[in-house]
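Worksheet: the structure to be examined is printed underneath.
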Amino acid sequence: MEGFIAIGLLLLMMIIGVPVAWSFAGVLAYLVYIFDVNLNTLMLQGYRSVDSVILIALPLFVLTGYLMQSGGIARRLVDFIEVMIGKRRGGMGASMIMASGIFGAIAGTATAAVASIGTIMIEPLEKRGYPRSYSAALLGISSLLGILIPPSITMILFAVVTRQSVAACFAASIGPAILLILGLIAANRFGVGRFFNELSSAAGDGLEPLPGKGRAAIKAFPALSLPIIILGGIYGGVFTPTEAAAVAAFSAMLIGFFIYRDLNLKSFARSVVAAAETTGTVILILLFSFMIGRILASERIPQDLTMLVSTLIENPLLILIAVNLFLILAGMIMDDVSVTVVVAPLFLPLMVDTGIHPVHFASIVACSVVIGANSPPVAPILYMACRIGKVSIHKTVKPALALMAFVALPVMIITTFVPEVSLFLPRLLGFV
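Numbers given in my numbering equal positions in the sequence shown, counted from 1, plus 753.
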């Protein structure tokens, strides 16, 4: 019972506005007091948990995202995609979706994608007739492709807290990412006119001349080479995910300083400070969550949860539905890091007992974050997209809910009940 009270306390503190890291600290203090834990031993265990080579990838990928934003890489990616598909009907919206996907394949974070892609795309979308409310909603959901498309910071954290292969978790989320991209593009192309009539006259037709495409491709080539180098290096066995993060950050610096020349010492310093602040917050959350996890594990809370759910619900399909609903509800209140490091380890024994492979569960968690991060009351990504788009959250909720209901939720259902969507590539690569 104390474990469930702790989870409720965590949710309560987040709802009333306590910073996430200190919400975790408050729950940790409660558990230490209730279970009379030896704090010295617990601190040592927490330190050893974050003393991981894999976690070195975290600050490096975060830094890569900020360098892409300040170094002109995101701008060239958007320009290239817009030239290729932007003049087709629904092309501008598709350009933002594809740009978010490629950005995610380099930086692995949603917040950086929102800031970078949104700053560049919102104004052109409005000029093409897209309402800012719809543009912000599309930005919020498409930016979450950074969680699904490797390298993903969320998948790194999942792999660390559940002791799974990082590369396997990366591969598992590629299938759902492709489904989400195709679904968003189809909804933007065919469903927009039906659900948001003001967009029906927004899109023009026509193709960019071949020379224009060639020039855009040449300008974007350094940026486009980054995901090829990163993913090709990881799955080709050239370097580990941690080494890939170092290569990504170093390449982003070289491209920003010497090729595009949009990056200078001042903007580089700002990027380093911003990356350090973000990383510090995540590591602090991770430290507290590891310590909380140690206490819960020693008190057999995950096993008790598995027994309770199995007793109340015998059908494995209903268990999957219940876990999916809980993940979405948790994502509405907690950020992606919190859901990944707290909820995922808590439900993993139940999922394994139900017959779900841990790597498959990784993609289920990632899909739930896509929905939860754009759902009120907290909706951190959607709120950020609204700030970038300079539009009220109240106007954005309706199109956001429509996109989640008709695209993100079906993708999550398919991912949950068709395991091969997640496991085909990891099996093909020999990870599972």
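Each residue gets a CB set at the ideal place from its N, CA and C atoms; glycine is no exception.
Note on the stretch 1020-1106: whole alpha helix (DSSP H) runs with a minimum of 4 residues are 1054-1065 and 1069-1086, in chain order.
At a Cβ-Cβ threshold of 8 angstroms, L1162 and T1149 do not count as neighbours. The shortest CA-to-CA distance from P975 to any of I987, A998, S1004 and V991 is the one to S1004. Straight-line spacing of the CA atoms in I1167 and K1019 works out to 46 angstroms.
If the five residues before and after L781 are omitted, its C-beta is found closer than 7 angstroms to the C-beta atoms of F1041, M1044 and I1045, all from its own chain and listed in chain order.
Comparing alpha carbon positions, the residue from S1063, I1038, Q798 and A1029 closest to V1092 is I1038. In this structure the stretch 909-928 lies against the stretch 1166-1183, because at least three pairs of beta carbons, one per stretch, are closer than 8 angstroms. Counting along the chain, A998 sits inside the alpha helix (DSSP H) bounded by residues P994 to L1007. Remark: fewer than three beta-carbon pairs, one from each stretch, lie closer than 8 angstroms, so the stretch 896-912 and the stretch 1141-1160 are not flagged as touching. Taking 8 angstroms as the upper bound for CB-CB distance, I906 and T862 are in contact here, some 5 angstroms apart. Distances from the CA of I1048 to each of H1113, P1069 and Y786 were compared; the closest alpha carbon is that of Y786. Note on M796: under 16 other CB atoms within 10 angstroms of its CB, so exposed under the neighbour-count rule. Following the DSSP letters along the chain, one finds M837 inside the alpha helix (DSSP H) bounded by residues I826 to I838. Straight across, the Cα-Cα distance linking A1158 with G936 is about 11 angstroms. Across the set T1107, L1103 and V1123, the C-alpha of V1123 shows the shortest separation from the C-alpha of V1090. Taking C-beta atoms under 8 angstroms as the contact rule, L830 and A973 qualify, at a distance of about 6 angstroms.
With a cutoff of 8 angstroms on beta-carbon distance, F911 and A1097 are scored as near each other. Where R1140 is concerned, the enclosing alpha helix (DSSP H) starts and stops at P1133 to G1142. Using a 10 angstroms sphere on the CB of S853, the tally of other CB atoms reaches 16 or more, which defines it as buried. With 16 or more other Cβ atoms inside 10 Å of its own Cβ, F814 counts as buried. Annotation for S1121: L1080, I1081 and G1084 place their beta carbon closer than 6 angstroms to its own, counting only its chain and skipping 5 residues before and after. Going by DSSP, Q822 is part of the alpha helix (DSSP H) stretching over A810 to S823. Our two residues, I1008 and D804, have alpha carbons roughly 31 angstroms apart in a direct line.
Boundaries of the alpha helix (DSSP H) harbouring R885: R885 to S896, taken from the DSSP string.
In the three-state scheme derived from DSSP, where H, G and I count as helix and E and B as strand, A1126 is classed as coil.
Ranked by Cα distance from A1029, the options M1137, S802 and I809 are led by I809.
The beta carbon of Y819 sits closer than 7 angstroms to the beta carbons of A865, S1024, A1027 and A1028 from its chain, once the five residues preceding and following it are set aside; these are given in chain order.
Between F833 and the set P812, T817 and M874, the nearest pair of CA atoms involves M874. Spatial neighbours of G871 in its own chain (CB-CB distance under 7 angstroms, excluding positions within 5 residues in sequence) are listed in chain order as L892, A1138, I1141 and G1142.
The C-alpha of L878 lies about 9 angstroms from the C-alpha of M849.
Rounded to whole angstroms, the Cβ separation of L933 and L979 is 21 angstroms, and the two are not in contact under 8 angstroms. V867: member of the alpha helix (DSSP H) spanning A863 to K880, first to last residue. The three-state reading of DSSP puts F788 in helix, counting H, G and I together. Taking 8 angstroms as the cut-off, the Cβ atoms of M908 and F856 do not count as close. Residue environment: F923 is assigned as buried (16 or more neighbouring CB atoms within 10 Å of its CB, all protein chains considered). For R1180, the enclosing alpha helix (DSSP H) starts and ends at E1173 to L1181.
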